[in-house]
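Down below is the structure, laid out as structure tokens.
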Amino acid sequence: MRLLIINTLPKVHPLAEKAICCLTEKASECMTFYTEDMRITPCIGCNACWLKTPGICAVKDDYEQILKAYLQYDVTLFISDTALGFVDYKMKHVIDRILPMATMYTRIENGQTRHVPRYNKEFRFGLLYAGKGNQDYLSYWVSRFCLNFHGISLGAVPIEAWEEVCACIS
Amino acid sequence: MHFVIISGAARTQSQSNTAKIIAAFCEGLHNGGNTSEIWYLSDRKQWKSAMTAFEENENILFALPLYVENVPGITLEFLAGLSAKERPGTRISFLLQGGFPEISQGRCCEEFLKTLPAQLGCGYGGTFIKGDMFGLSLLGKKMEAKLLQPFIEIGRQFGENGAFRQETIEAFSIPEYLSERQIRMSNGPLRYVQRLVMQYFAKRLGCRTKLDAKPFCGKELQETQEETR
Numbered sequence: 339m340r341l342l343i344i345n346t347l348p349k350v351h352p353l354a355e356k357a358i359c360c361l362t363e364k365a366s367e368c369m370t371f372y373t374e375d376m377r378i379t380p381c382i383g384c385n386a387c388w389l390k391t392p393g394i395c396a397v398k399d400d401y402e403q404i405l406k407a408y409l410q411y412d413v414t415l416f417i418s419d420t421a422l423g424f425v426d427y428k429m430k431h432v433i434d435r436i437l438p439m440a441t442m443y444t445r446i447e448n449g450q451t452r453h454v455p456r457y458n459k460e461f462r463f464g465l466l467y468a469g470k471g472n473q474d475y476l477s478y479w480v481s482r483f484c485l486n487f488h489g490i491s492l493g494a495v496p497i498e499a500w501e502e503v504c505a506c507i508s
Numbered sequence: 114m115h116f117v118i119i120s121g122a123a124r125t126q127s128q129s130n131t132a133k134i135i136a137a138f139c140e141g142l143h144n145g146g147n148t149s150e151i152w153y154l155s156d157r158k159q160w161k162s163a164m165t166a167f168e169e170n171e172n173i174l175f176a177l178p179l180y181v182e183n184v185p186g187i188t189l190e191f192l193a194g195l196s197a198k199e200r201p202g203t204r205i206s207f208l209l210q211g212g213f214p215e216i217s218q219g220r221c222c223e224e225f226l227k228t229l230p231a232q233l234g235c236g237y238g239g240t241f242i243k244g245d246m247f248g249l250s251l252l253g254k255k256m257e258a259k260l261l262q263p264f265i266e267i268g269r270q271f272g273e274n275g276a277f278r279q280e281t282i283e284a285f286s287i288p289e290y291l292s293e294r295q296i297r298m299s300n301g302p303l304r305y306v307q308r309l310v311m312q313y314f315a316k317r318l319g320c321r322t323k324l325d326a327k328p329f330c331g332k333e334l335q336e337t338q339e340e341t342r
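Residue numbers (the numbering used here), protein chains in the order written: chain A, 339 to 508; chain B, 114 to 342.
Have a look at this one:
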């Protein structure tokens, strides 16, 4: 299983370090983005990635390499801090920028409107979070976010329990 | 009553659907004798004043678009910077708008929004969800006015007691899901109409490729893979 890790926690976060080290060993191939070393700005909602330059974000920063990596790896694991019971804004900025993976076209699936996917790829997304997150809500949110990107949710797990995600990547 | 309205939209005010909705909403709000001040988080220079307005006022409304099942990152960044109020009496309400037609698409975000006022030492004034707003800026002035018209009445009703009443939500925040007939139409003939309409708008915006183009497939992606290995 080829694993992509996107870590918005500081590089020196001891639990994240340990989790990344062990998960890297378990995956057949692994790539980790440390966003503290990257320039990732918020989505500006311009819709260029849907209507003007389909699939390409108009914001020119370091995010495009993450967009390409979503397509190259089997599983994406987000590692995030939390605020107000949810992921913190750094992770939300990362997730908001995923829109180019969907097209502007929509269709209705299981009673709700969904964007037609841009690529023929079944994404698998999971979340490891630090701090006081609401696990039930975060799992619900990841599952909803996966629905709209035609992906499979691996759920949300506190970073202390990172070993729980090993079964999903080995 | 005086209301502080904070737009959580990431688009600049002149391009923002949320800003247009706020303008219509305020028309109704002011018709009832209320006053308001509006802060736009898309302009970071306004953040300090918006925080002060939040601290000093008791009637707060966040108006925001749905971004990946929750609030936009910039709204979250702003919210995380607020301190919980120690003195009771403040009420926070939310006006959430999205592009999908079904209100059910906003429920996940609503679950989060419900938890926020208590975390900020405030009371909850409800969440009003409105869908089908994607085309607001694309469909021309006539359709824009039609789509915005209900917000005048929603604003008027909101202004009566500073919170979203259940009757307002039931009357205007619909449909929870599309009907069977609407689904058949959407997945049938309307699907082709939608494609043509979107292609028309895209062309007008200067798009030179297919809307379902796959820019990161093939040669470019292979080159990236080789670079990252």
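In this text, a Cβ means the ideal position worked out from N, Cα and C, and glycines have one as well.
Everything numeric in this text was worked out from a predicted model, so none of it was measured.
So that I know if they touch, is there some Cβ in chain A lying closer than 9 Å to that of residue i?
i	result
B/G319	yes
B/N172	no
B/T341	In this prediction, B/T341 scores a pLDDT of 47, lower than 50, which makes its location untrustworthy; no coordinate-derived value is stated.
B/D325	yes
B/A163	no
B/I187	yes
B/A136	no
B/R304	yes
B/L249	no
B/A132	no
B/I296	yes
B/P328	yes
B/R124	yes
B/R308	yes
Short of 6 Å in beta carbon distance, which residues of its chain neighbour residue i, apart from the five on each side in sequence? Order them along the chain.
i	result
A/R435	C381 and Y401
B/Q218	G211
B/T203	E171 and C235
A/A388	Reading off the sequence, residue 388 of chain A comes out as Trp, not Ala. Excluding sequence neighbours, A/W388 sits near M442.
On a CA-only basis, which of the options is nearest residue i? Give me that one, please.
i	options	result
A/P455	A/G393, A/Y475, A/S418 and A/Q410	A/G393
A/A505	A/G464, A/N486 and A/R482	A/G464
B/Q279	B/T125, B/G239, B/L192 and B/H115	B/G239
B/F116	B/L318, B/G272 and B/E215	B/G272
A/V480	A/F416, A/L409, A/A440 and A/C384	A/F416
B/C222	A/M429, A/G449 and A/Y475	A/Y475
B/H143	B/Y305, B/M298 and B/I265	B/I265
A/Y457	A/Q473, A/A440, A/L466 and A/N448	A/A440
A/R377	A/K364, A/T362, A/Q403 and A/E367	A/Q403
B/A166	B/V181, B/V306 and B/S149	B/S149
A/S477	B/F225, B/E257 and B/L233	B/F225
A/H431	B/E199, B/I242, B/F191 and B/E293	B/F191
Could you check whether residue j and residue i sit closer than 9 Å to each other, using their CB atoms as the reference points?
i	j	result
A/P352	A/L405	no
A/N345	A/T370	yes
A/D399	A/G469	no
B/L318	A/K390	yes
B/G244	B/F277	no
B/G268	B/C139	yes
A/A407	A/A396	no
A/G423	A/G471	yes
B/S162	B/T125	no
B/M246	B/I134	yes
B/M114	B/G275	yes
Indicate whether at least one CB of chain B lies closer than 9 Å to the CB of residue i.
i	result
A/F461	no
A/R482	yes
A/L361	no
A/C381	yes
A/G469	no
A/G449	yes
Considering just the uninterrupted stretch of the alpha helix (DSSP H) at residue i, what are its terminal residues?
i	result
A/L485	Q473 to N486
A/N345	No alpha helix (DSSP H) holds A/N345; the beta strand (DSSP E) holding it covers R340 to N345.
B/M164	W160 to E169
B/G268	K254 to N274
B/S299	E293 to N300
B/P83	What is shown of chain B runs 114 to 342, which leaves residue 83 of chain B out entirely.
Cutting at 7 Å between CB atoms, please list the residues of its own chain near residue i, excluding the five before and the five after it.
i	result
B/L324	M311, Q312 and A315
B/P263	F285
A/K459	L409
B/T341	Note on B/T341: pLDDT 47, under 50, position unreliable in the model; the coordinate value appears next. Nothing meets the Cβ criterion.
A/P348	E374
A/M339	A365, S366, D412, V413, I507 and S508
B/L182	Residue identity check: residue 182 of chain B is Glu in the sequence provided, not Leu. For B/E182, where only same-chain residues beyond five positions count, the Cβ hits under 7 Å are C221 and C222.
Can you list, in chain order, the residues of its chain with a C-beta nearer than 8 Å to that of residue i? Leave out the 5 residues immediately preceding and following it.
i	result
B/L177	S120, G121, A122, T131, V184, P185, T188, F207, L208, L209 and Q210
A/K356	W500
A/R452	T444, R445, I446, L485, N486 and H488
A/I358	I343, N345, T370 and I417
A/G449	none
B/Y291	Just to set this straight, residue 291 of chain B is Leu in the shown sequence, not Tyr. The answer, listed in chain order, is P214, E215 and S299.
Can you give me the start and stop residues for the beta strand (DSSP E) that residue i sits inside?
i	result
B/E150	T148 to Y153
A/L492	I490 to P496
A/T362	Looking at the DSSP string, A/T362 is not in any beta strand (DSSP E); the run it does join, the alpha helix (DSSP H), is P352 to K364.
B/L251	Neither: B/L251 is in no beta strand (DSSP E) and is coded neither H nor E.
B/Q210	R204 to Q210
Given 8 Å as the limit, tell me if residue i has its C-beta closer than that to any heavy atom belonging to the ligand GDP.
i	result
B/F191	This structure lacks the ligand GDP; in fact it carries no ligand of any kind.
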